[in-house]
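Asks: Quick note: the sequence shown uses our numbering, first residue 6, plus one each step.
We treat Cβ as the ideally placed atom computed from N, Cα and C, and that holds for glycine.
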Amino acid sequence: MAMETFEKIKTMIKRSLWNAVFVVILALVTLVALVSRAAAQPQAPAATASPAFSQRHREAPASPAGADSGLRLALAQEKKENGKGKEEEKAEKAAAPAAAEKKEVAADTGDSCVSCHVDELRDEAVKNWSADIHREKGLSCADCHGGNKRDPQESSMEKSTGFRGKPARADIPKFCAACHADPNFMRQRNPSIRTDQYDRYLTSIHGRRLEEGDKKVATCIDCHGVHGILRSANVNSPVYALNVPKTCGRCHSNPQYMAQYKIPTDQVTQYRTSVHGKLLYEKSDLGAPVCNDCHGNHGAFPPEVTSIADVCGQCHVINRDMFVKSPHKVGFDKEGHHECATCHGNHSIQLTSDAMLGVEQGAICARCHESGSQGFDVARAMRAGIESLKAEMEKGKQLLAGATNAGIEVSQALYEFRAANVALIQSRNVMHEINPKAFNDVIAGGLQVARQGQKVGRTAIAEARYRKLWALWPLLGIILMLAGIGLRLRAPKSESERKEKQP
Ligand code: HEC
Ligand code: HEC
Ligand code: HEC
Ligand code: HEC
Ligand code: HEC
Ligand code: HEC
Ligand code: HEC
Ligand code: HEC
Ligand code: HEC
Numbered sequence: 006m007a008m009e010t011f012e013k014i015k016t017m018i019k020r021s022l023w024n025a026v027f028v029v030i031l032a033l034v035t036l037v038a039l040v041s042r043a044a045a046q047p048q049a050p051a052a053t054a055s056p057a058f059s060q061r062h063r064e065a066p067a068s069p070a071g072a073d074s075g076l077r078l079a080l081a082q083e084k085k086e087n088g089k090g091k092e093e094e095k096a097e098k099a100a101a102p103a104a105a106e107k108k109e110v111a112a113d114t115g116d117s118c119v120s121c122h123v124d125e126l127r128d129e130a131v132k133n134w135s136a137d138i139h140r141e142k143g144l145s146c147a148d149c150h151g152g153n154k155r156d157p158q159e160s161s162m163e164k165s166t167g168f169r170g171k172p173a174r175a176d177i178p179k180f181c182a183a184c185h186a187d188p189n190f191m192r193q194r195n196p197s198i199r200t201d202q203y204d205r206y207l208t209s210i211h212g213r214r215l216e217e218g219d220k221k222v223a224t225c226i227d228c229h230g231v232h233g234i235l236r237s238a239n240v241n242s243p244v245y246a247l248n249v250p251k252t253c254g255r256c257h258s259n260p261q262y263m264a265q266y267k268i269p270t271d272q273v274t275q276y277r278t279s280v281h282g283k284l285l286y287e288k289s290d291l292g293a294p295v296c297n298d299c300h301g302n303h304g305a306f307p308p309e310v311t312s313i314a315d316v317c318g319q320c321h322v323i324n325r326d327m328f329v330k331s332p333h334k335v336g337f338d339k340e341g342h343h344e345c346a347t348c349h350g351n352h353s354i355q356l357t358s359d360a361m362l363g364v365e366q367g368a369i370c371a372r373c374h375e376s377g378s379q380g381f382d383v384a385r386a387m388r389a390g391i392e393s394l395k396a397e398m399e400k401g402k403q404l405l406a407g408a409t410n411a412g413i414e415v416s417q418a419l420y421e422f423r424a425a426n427v428a429l430i431q432s433r434n435v436m437h438e439i440n441p442k443a444f445n446d447v448i449a450g451g452l453q454v455a456r457q458g459q460k461v462g463r464t465a466i467a468e469a470r471y472r473k474l475w476a477l478w479p480l481l482g483i484i485l486m487l488a489g490i491g492l493r494l495r496a497p498k499s500e501s502e503r504k505e506k507q508p
């Protein structure tokens with residue numbers, strides 16, 4: 006019975022809840038409808054005579070216009086003739102900031118090149134002009150192309166005005182260098198900007214081949230674009246780190262385009278799978294080198310065999326310093342082995358592992374050092390040193406973990422134990438010096454820490470056993486005490502029982 010009434014009350018509450026929700030939704034829908042109607046009403050006339058549309062079409066009647074916008078234009082003009090002209094125009098300016106701004110740019114600079122090419126002709130070649138850093142800095146078309154920007158006619162482009170027209174491909178670097186290699190001009194605008202791009206470009210393979218008449222190499226606009234040139238720090242710039250491989254790959258990954266040069270076209274593909282490429286693409290880590298970090302921005306050279314260490318050393322400072330001190334620096338340079346790249350590769354550099362070190366299969370040292378040679382022995386000894394450190398560290402780790410599990414506080418020992426790992430990492434670094442003494446010192450330091458950790462772990466575990474044993478004594482005492490209390494509690498109970506039975 007009670008259950009049934011409870012169920013009934015429950016369904017009643019449920020129903021009234023649903024009713025309430027329905028009413029609320031209905032109210033909301035009505036409200037929204039009312040609000041949108043109210044908002045739509047004053048907008049209606051503006052929509053038929055869009056000021057943005059009418060203004061744009063008065064400025065550029067030649068541009069393609071749909072039938073719809075044509076009608077709007079007619080409507081707007083009709084309104085003007087009805088005498089509301091001036092007020093309407095004011096309202097138009099206020100309501101169409103975009104269009105007004107555009108007009109101001111042209112008006113401010115008095116730039117007929119922009120008015121004609123951008124606003125009137127809607128020239129495809131300059132469609133990205135509004136984003137161009139040169140426009141942002143107040144430069145005009147005429148600053149690059151020459152011509153008279155105050156003349157609204159095509160006569161503005163006569164030779165007599167200094168008009169240079171479209172530069173030939175081979176002339177583009179010089180064309181850009183007119184400003185970018187002129188420190189006086191550039192430093193007035195930005196005191197910190199470099200002005201060596203052209204000089205460096207001339208020393209690059211690209212620049213040298215262009216001088217020789219090869220027009221397929223990269224010129225300034227192949228890497229930076231044209232009429233939409235962005236700052237290199239802008240994420241949309243083709244030379245922004247994340248975009249560089251694609252920019253270089255447009256040519257270097259195109260086998261047909263590069264066929265005549267007999268150089269590989271796999272740099273981008275290989276780079277993508279490298280430790281550096283993964284860092285860039287998967288982690289968006291801009292600390293990873295991209296093409297220009299190793300090849301230079303403007304002096305695009307493959308690094309000289311003997312200077313690769315410096316290229317890598319920009320970031321891997323310690324490895325570079327160690328390598329330079331090693332017998333390999335002299336030996337590699339003499340025999341023409343590429344520094345760093347001989348052992349690590351260039352575009353497909355992978356994560357390293359201890360398996361690379363030594364003389365077993367997969368190790369690289371035995372590629373050049375035969376069994377019985379000093380190099381062979383040193384390689385084997387170095388690997389053995391690393392393996393023994395790893396083994397001792399593992400032992401120490403397990404003993405300390407055992408102590409922690411047994412409830413002994415060893416956090417200080419664990420903290421100190423980290424020095425062993427530092428030594429392990431350091432040994433892989435110092436290895437590049439190929440100096441057995443320096444290497445063994447690092448390993449010995451690590452081993453000492455690892456063994457100290459083992460000692461602390463072992464002592465702690467012994468202590469835990471000891472404590473366990475001692476922990477039994479109080480336990481026994483407690484058990485005895487409990488037993489005593491139990492006995493005592495039983496005694497009065499039986500007395501009262503007896504009392505109960507008595508009457
Ligand atoms: C009245 C409109 C008008 C004005 C003003 C104007 N141009 Fe042109 N311009 C044209 C037309 C039309 C062409 C030829 C069509 C084309 O090549 O796109 C042209 C062509 C060009 C070309 C390509 C020439 C070539 O060698 O292929 C450049 C560069 C150029 N204009 C720059 C300028 C500069 C800089 C200014 C300002 C000093 C300017 N224009 C002013 C209409 C104009
Ligand atoms: C930073 C220098 C620079 C500025 C500023 C510049 N141009 Fe150019 N322009 C060039 C270069 C370089 C080329 C050659 C592009 C090529 O070879 O593909 C060129 C080519 C052109 C062409 C020929 C396009 C073609 O494909 O035939 C036209 C038209 C032109 N520019 C118009 C303009 C107009 C209009 C402006 C201003 C809105 C302007 N340029 C601003 C550097 C500039
Ligand atoms: C009329 C002079 C002039 C010419 C010609 C010129 N530039 Fe510039 N350029 C400038 C100025 C000024 C700046 C802005 C410098 C600043 O504020 O840092 C600039 C900025 C740049 C930047 C952005 C630099 C940055 O901060 O990353 C690039 C890229 C660039 N120009 C490339 C070119 C290329 C490519 C050409 C040839 C097609 C060219 N410029 C031709 C004057 C010029
Ligand atoms: C092979 C591609 C390539 C070519 C060709 C090239 N650049 Fe660059 N440019 C770059 C890269 C990459 C950067 C730097 C991006 C960064 O800083 O991360 C750069 C940066 C710049 C900058 C910014 C200032 C600086 O030096 O860092 C200017 C200005 C510039 N280039 C102008 C030019 C001019 C002018 C030319 C032609 C003489 C040219 N570039 C040719 C790739 C190129
Ligand atoms: C417009 C196409 C084009 C673009 C873009 C381009 N390159 Fe090149 N590059 C070439 C051509 C063509 C050669 C000439 C190859 C040769 O002569 O061996 C070359 C040569 C080179 C070389 C010398 C290769 C050798 O050993 O002969 C290097 C390094 C190089 N480019 C790096 C780059 C980098 C890095 C970028 C991007 C920042 C880049 N290139 C962008 C076309 C391009
Ligand atoms: C970590 C540094 C590094 C990075 C990143 C790098 N390169 Fe290289 N690249 C080198 C070295 C070192 C060489 C020279 C190796 C040699 O001569 O065998 C080289 C050689 C080249 C060559 C000459 C032909 C060849 O393959 O040997 C070209 C072209 C080239 N790189 C283009 C690129 C492009 C494009 C990118 C970007 C996708 C790139 N590189 C990224 C270091 C790098
Ligand atoms: C612009 C900086 C930069 C340049 C230049 C550079 N690297 Fe790196 N490299 C990194 C970064 C960042 C990592 C990933 C972080 C790390 O593990 O050190 C890395 C990782 C590596 C690794 C893997 C390290 C590991 O833990 O196994 C190797 C090997 C390597 N780089 C070799 C090279 C060589 C060889 C060159 C020159 C041809 C080079 N790098 C140029 C920044 C750079
Ligand atoms: C003789 C071969 C050889 C040369 C040359 C060489 N390396 Fe290594 N490198 C190795 C080996 C082997 C390892 C792996 C060591 C290990 O894990 O036990 C390694 C590991 C590395 C690591 C990861 C470990 C660490 O130190 O962080 C980096 C980064 C590295 N090398 C960079 C370089 C750079 C940069 C150069 C040039 C200056 C270079 N290497 C030259 C063989 C070489
Ligand atoms: C590309 C070949 C090459 C590789 C790979 C290589 N080495 Fe060497 N190594 C040399 C050359 C060349 C010398 C200098 C020999 C000389 O001057 O007589 C040298 C010298 C040495 C020396 C000095 C003793 C001697 O033989 O002169 C040691 C030790 C050594 N290497 C160890 C290693 C170790 C460890 C590795 C692996 C990490 C390694 N090498 C990888 C080429 C190589």
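#1: Since Pro-178 contacts Tyr-206 with CB under 8 Å, what's their CB separation in whole angstroms?
#2: I'd like to know if the region 133-140 and the region 222-238 are in contact, where contact means that at least 3 CB-CB pairs between them fall below 8 Å.
#3: Distance, Cα to Cα, Asn-426 vs Glu-344?
#4: Can you have a look at Gly-350 and say buried or exposed, based on whether 16 or more other CB atoms are within 10 angstroms of its CB?
#5: What residue range is occupied by the uninterrupted alpha helix (DSSP H) comprising Gly-278?
#6: Check for me: the alpha helix (DSSP H) holding Phe-168 runs from which residue to which?
#7: Measuring CA to CA, which of Met-361, Ser-312 and Ile-483 is closest to His-342?
#8: Please go through the same chain and pick out, in chain order, the residues whose beta-carbon is closer than 7 Å to the beta-carbon of Asp-128, but skip the five residues on each side of it.
#9: Would DSSP call Ala-368 helix, strand or coil?
#10: Leaving out five residues before and five after Val-295 in sequence, what residues of the same chain have Cβ atoms less than 7 Å from its Cβ?
#11: How would you label Phe-190, buried or exposed, when you count the other beta carbons within 10 angstroms and need 16 or more for buried?
#12: Could you say if the region 402-420 and the region 370-377 meet the contact criterion of at least three C-beta pairs nearer than 8 Å?
#13: Specify the secondary structure class of Thr-509 as computed by DSSP and reduced to three states.
#14: Out of Phe-444, Ala-408 and Lys-473, state which residue places its alpha-carbon closest to the alpha-carbon of Thr-464.
#15: Quick check: the region 347-363 against the region 271-287, are there 3 or more CB pairs under 8 Å?
#16: Work out the CA separation of Cys-320 and Gly-292 for me, nearest whole Å.
#17: Can you give the Cα-Cα distance for Arg-495 and Gly-489, rounded to whole angstroms?
#18: Quick check on Phe-328: does DSSP put it in helix, strand or coil?
#19: Output the distance between the C-alpha atoms of His-185 and Gly-143, rounded to the nearest integer angstrom.
#20: Between the C-alpha atoms of Cys-217 and Ile-210, what's the straight-line distance to the nearest angstrom?
#21: May I ask which residues mark the beginning and end of the alpha helix (DSSP H) holding Leu-405?
#22: Could you check which residue in Gly-390, Cys-370, Ala-389 and Ile-391 has the C-alpha nearest to that of Phe-381?
#23: Confirm the yes/no value for this check: CB of Ile-354, any heavy atom of ligand 7, distance under 7 Å.
#24: Spatial neighbours of Lys-95 within its chain, please: CB distance less than 8 Å, with the 5 preceding and 5 following residues excluded, ordered by chain position.
#25: Does the beta-carbon of Lys-220, which I'm using as the reference point, lie nearer than 7 Å to any heavy atom of ligand 3?
#26: Would the beta-carbon of Glu-344 be found less than 7 Å away from any heavy atom of ligand 8?
#27: Give the secondary structure of Val-415 by DSSP, where H, G and I count as helix, E and B as strand, and everything else as coil.
#28: Residues in the same chain with beta-carbon distance under 7 Å from Thr-224, minus the five sequence neighbours each way, listed in chain order, please.
#29: For Gln-265, count neighbouring Cβ atoms within 10 angstroms of its own Cβ and tell me buried if that reaches 16, exposed if not.
#30: Could you check if Arg-493 is buried or exposed, using at least 16 other CB atoms within 10 Å of its CB as the buried criterion?
#31: Should His-212 be labelled buried (16 or more other beta-carbon atoms within 10 Å of its own) or exposed?
#32: I need the DSSP call for Thr-311, collapsed to helix, strand or coil.
Replies: From the atom records:
#1: 6 Å
#2: yes
#3: 28 Å
#4: exposed
#5: The residue you asked about is not Gly; residue 278 is Thr in the sequence shown. First-last of the alpha helix (DSSP H) with Thr-278: 272-278.
#6: Careful: Phe-168 lies outside any alpha helix (DSSP H) and carries neither H nor E.
#7: Ser-312
#8: His-122
#9: coil
#10: Ala-246, Val-249, Pro-250 and Leu-285
#11: exposed
#12: Contact fails: fewer than three Cβ-Cβ distances are below 8 Å.
#13: Residue coverage of the chain in this structure runs from 6 to 508, which leaves residue 509 outside it and unanswerable.
#14: Ala-408
#15: yes
#16: 9 Å
#17: 10 Å
#18: helix
#19: 16 Å
#20: Note that residue 217 is Glu in the sequence shown, not Cys. Taking the straight line from one Cα to the other gives about 11 Å.
#21: Here the alpha helix (DSSP H) through Leu-405 covers 379-410.
#22: Cys-370
#23: yes
#24: Low confidence applies here, because Lys-95 scores a pLDDT of 39, under 50, leaving its location unreliable; read the following figure in that light. Contacts found: none.
#25: no
#26: yes
#27: coil
#28: Arg-174, Ile-177, Pro-178 and Leu-215
#29: exposed
#30: exposed
#31: What sits at residue 212 in the sequence shown is Gly, not His. With 16 or more other Cβ atoms within 10 Å, it is buried.
#32: helix
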